[in-house]
Amino acid sequence: MLERLTEQRQAVTTALCLLGRNTFCLNDEEWSCISQAIEALRPFEEATKDVSVEQYVNISKVIPLVSFLQNATMSVGQKGSTLALQLATQCKRRFENIEHDYTLEDSTFLDIRFKNIVFCDTENVENIKSRLISDMQALHRQATTSEPSASATSMGTALSVPQESPAARKGADCSTSKTHSQYRHIH
Numbered sequence: 001m002l003e004r005l006t007e008q009r010q011a012v013t014t015a016l017c018l019l020g021r022n023t024f025c026l027n028d029e030e031w032s033c034i035s036q037a038i039e040a041l042r043p044f045e046e047a048t049k050d051v052s053v054e055q056y057v058n059i060s061k062v063i064p065l066v067s068f069l070q071n072a073t074m075s076v077g078q079k080g081s082t083l084a085l086q087l088a089t090q091c092k093r094r095f096e097n098i099e100h101d102y103t104l105e106d107s108t109f110l111d112i113r114f115k116n117i118v119f120c121d122t123e124n125v126e127n128i129k130s131r132l133i134s135d136m137q138a139l140h141r142q143a144t145t146s147e148p149s150a151s152a153t154s155m156g157t158a159l160s161v162p163q164e165s166p167a168a169r170k171g172a173d174c175s176t177s178k179t180h181s182q183y184r185h186i187h
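Mapped onto full-length UniProt numbering, the consecutive letters of the sequence shown carry residue numbers 1 to 187.
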């Protein structure tokens with residue numbers, strides 16, 4: 001809305017003057033303030049568009065978007081925009097510990113688009129990496145210790161042929177090739 005207003009600055013000012021509403025015309029300082037507000041809010045517009053484009057947004061995008069917002073608002077704030085400085089301060093306050101949220105940091109680290117490039121704290125990246133490695137090793141150990149009994153059970157059921165009486169086998173239409181094809185289909 002503010003961008004549209006600045007685009008139509010001349011038309012708005014002319015229309016107000018022709019209608020005798022000169023008191024509603026904005027002065028140069030107010031137009032400058034609007035321009036600074038547009039620049040300060042632009043990162044939020046970009047982040048909103050980025051999230052809105054996708055039908056399902058991955059949780060792994062949270063940290064990169066927050067990092068982008070913090071860096072962009074700080075950059076604009078360094079140019080002298082008080083609104084941008086306030087936005088940067090609020091982003092820092094609200095998202096101060098976002099890089100230490102287990103779910104967010106793991107999903108971001110495991111997303112090949114981001115890996116460790118969006119994390120501010122390089123020490124935290126090493127902690128995430130070592131924790132994920134130890135978690136995966138623990139899962140692997142757990143899977144290998146429970147695997148022999150589970151695979152023996154599943155192998156026994158897949159390969160066992162029910163014992164039938166000779167009389168029942170005479171009437172059954174069960175050829176050896178059919179049994180082999182069923183086994184191949186299962187595995």
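Just so you know, even glycine gets a beta-carbon here, dropped at the ideal spot from N, CA and C.
When burial is assigned at 16 or more other CB atoms within 10 Å of the CB, is residue 60 buried or exposed?
With 16 or more Cβ atoms within 10 Å of its Cβ, residue 60 is classed as buried.
Under the assumption that residue 99 contacts residue 135 (Cβ atoms under 8 Å), give the Cβ distance between them as a whole number of angstroms.
About 18 Å; that fails the 8 Å criterion.
Can you tell me whether residue 66 is helix, strand or coil according to DSSP?
If DSSP states are grouped into helix, strand and coil, residue 66 belongs with the helices.
Mind reading off the beta-carbon distance from residue 68 to residue 47? Whole number of angstroms is fine, and I expect it under 8 Å.
So it is a contact: roughly 6 Å between Cβ atoms.
In chain order, what residues of the same chain lie with their CB nearer than 8 Å to the CB of residue 34, ignoring the 5 residues before and after it?
These residues qualify, in order along the chain: 2, 5, 6, 26.
For residue 40, I'd like the list of residues in its chain whose CB is within less than 8 Å of its CB, leaving aside the five on either flank, ordered along the chain.
If we look at residue 40 and ignore the five residues flanking it on each side, its Cβ neighbours are 73, 76, 77, 81, 83, 84, 87.
Along the alpha helix (DSSP H) that carries residue 85, what are the first and last residues, could you check?
Per DSSP, residue 85 belongs to the alpha helix (DSSP H) from 82-94.
Just mark residue 156 as buried or exposed, buried being the case when its beta carbon has 16 or more other beta carbons within 10 Å.
Low local confidence applies: a pLDDT of 46 at residue 156 is under 50, so the model's placement there is unreliable, and no value is given.
So, with DSSP's three-state summary, where would you put residue 77?
Correct three-state label for residue 77: helix.
The alpha helix (DSSP H) spanning residue 4 covers which residue range?
Its alpha helix (DSSP H) spans residues 2-7.
Ignore the nearest five residues each way along the sequence and tell me which others in residue 95's own chain have a CB closer than 6 Å to its CB.
Excluding sequence neighbours, residue 95 sits near 66.
Taking the straight line between their C-alpha atoms, what separation do you get for residue 63 and residue 128?
Between residue 63 and residue 128, the C-alpha separation is close to 14 Å.
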